[in-house]
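Yeah, the sequence shown ends on 275 if you go by the numbering used here, and it's all consecutive. Take a look at the structure below.
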Amino acid sequence: MGGKNATIVSDKADLGKAVEGVMRGAFGFGGQKCSACSRAYVHEKIKDEFLGQLVLKTAELKLGDPTERTTFLGPLINENAYKNYQSFVDKASREARIACGGRVAISGSMGKGYFAEPTVVVDVPKQSSLIKTEMFVPILTVESYSDLEDAIRRVNDVEYGLTSGIFSGDKEEISEFFAKVNAGVVYANRVSGSTTGAMVGDQPFVGWKKSGSTGKGAGGSYYLQQFLHEQSQTEYA
């Protein structure tokens with residue numbers, strides 16, 4: 039049922055791993071995953087450095103034929119997603135600042151499909167729909183924070199609660215994040231995708247708030263019971 043999944047990047051994080059993890063979480067499968075990272079909150083001490091590296095890495099991603107090994111992003115799923123992308127980009131250009139991407143591909147063979155660039159947006163108003171609305175397109179917002187508690191509050195300040203992530207080398211920060219974040223599947227220092235890629239059979243997948251209905255994870259020990267009826271049997275002599 040979707041998510042508006044966020045990643046926190048602490049000033050105690052391994053910056054290279056954080057950039058790679060957020061990029062993969064945001065733009066893998068073109069952002070068209072319920073668990074895709076669509077928001078990043080980066081400590082103010084490292085925000086500029088993080089953003090600079092993220093923009094460089096994102097700009098290098100190859101957009102094109104997904105059957106080619108070197109391609110990272112294929113086309114969006116359909117015309118509706120293509121139009122949504124353009125609408126969100128237009129809103130971002132008016133309300134915020136586009137740091138990278140923001141265009142659709144119209145030349146060559148890509149002009150025949152729904153190809154859209156991975157896009158990084160900054161300076162977004164806190165109550166903007168860009169922060170609140172699930173998009174299912176390759177758009178990531180990046181904002182700064184100064185206090186971890188406030189960052190977690192902002193992560194939680196959406197109606198969804200599917201996945202979330204943090205990059206930090208501080209065990210106490212990770213413990214605080216796990217204890218306070220309102221999401222069903224949470225990760226720390228996941229380089230292959232900061233909010234994505236739950237391992238089937240090992241990590242039950244569950245959403246809180248409007249990202250789920252029961253709070254019980256598929257593949258978890260409590261999930262099967264939802265499909266069963268209890269019966270209390272008593273026999274007297």
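Quick reminder that beta carbons are idealized off the backbone N, C-alpha and C, glycines included.
query, result
"Integer-rounded CB distance, given that Lys248 should sit under 8 Å from Glu197", "5 Å"
"Residues of its chain near Tyr225, where Cβ-Cβ distance is below 6 Å and the 5 sequence neighbours each way are ignored", "Gly203"
"Cα-Cα separation between Met61 and Cys75, rounded to whole angstroms", "8 Å"
"As assigned by DSSP and simplified to three states, the class of Glu133", "helix"
"CB contact flag (Phe153, Pro113, <8 Å)", "yes"
"Sufficient close CB pairs (3 or more, under 8 Å) joining the segment 216 to 223 to the segment 234 to 251", "yes"
"Limits of the unbroken beta strand (DSSP E) element including Arg77", "Cys75 to His81"
"Limits of the unbroken beta strand (DSSP E) element including Ser166", "Careful: Ser166 lies outside any beta strand (DSSP E) and carries neither H nor E."
"Residue from Val158, Asp52, Gly258 and Arg192 whose Cα sits closest to the Cα of Leu89", "Val158"
"Backbone secondary structure at Leu99 - three-state DSSP", "coil"
"Per-residue burial, His81 [other beta carbons within 10 Å of its own, 16 or more giving buried]", "buried"
"Start and end residues, beta strand (DSSP E) containing Ala154", "Premise fails: Ala154 is in no beta strand (DSSP E) and is neither H nor E."
"Cut-off 6 Å between Cβ atoms - residues of its own chain near Arg135, not counting five sequence neighbours on either side", "Val160 and Asp161"
"Own chain, CB closer than 6 Å to Tyr120, minus 5 neighbours either side, in chain order", "Leu114 and Tyr152"
"Within the segment 165 to 209, ranges of the beta strand (DSSP E) (whole runs, at least 3 residues)", "177 to 183 and 201 to 205"
"8 Å Cβ cutoff met for Leu178 and Ala64", "yes"
"Close Cβ partners of Glu172 (< 8 Å) along its chain, the five nearest in sequence each way excluded", "Gly40, Gly41, Lys42, Ser76 and Tyr198"
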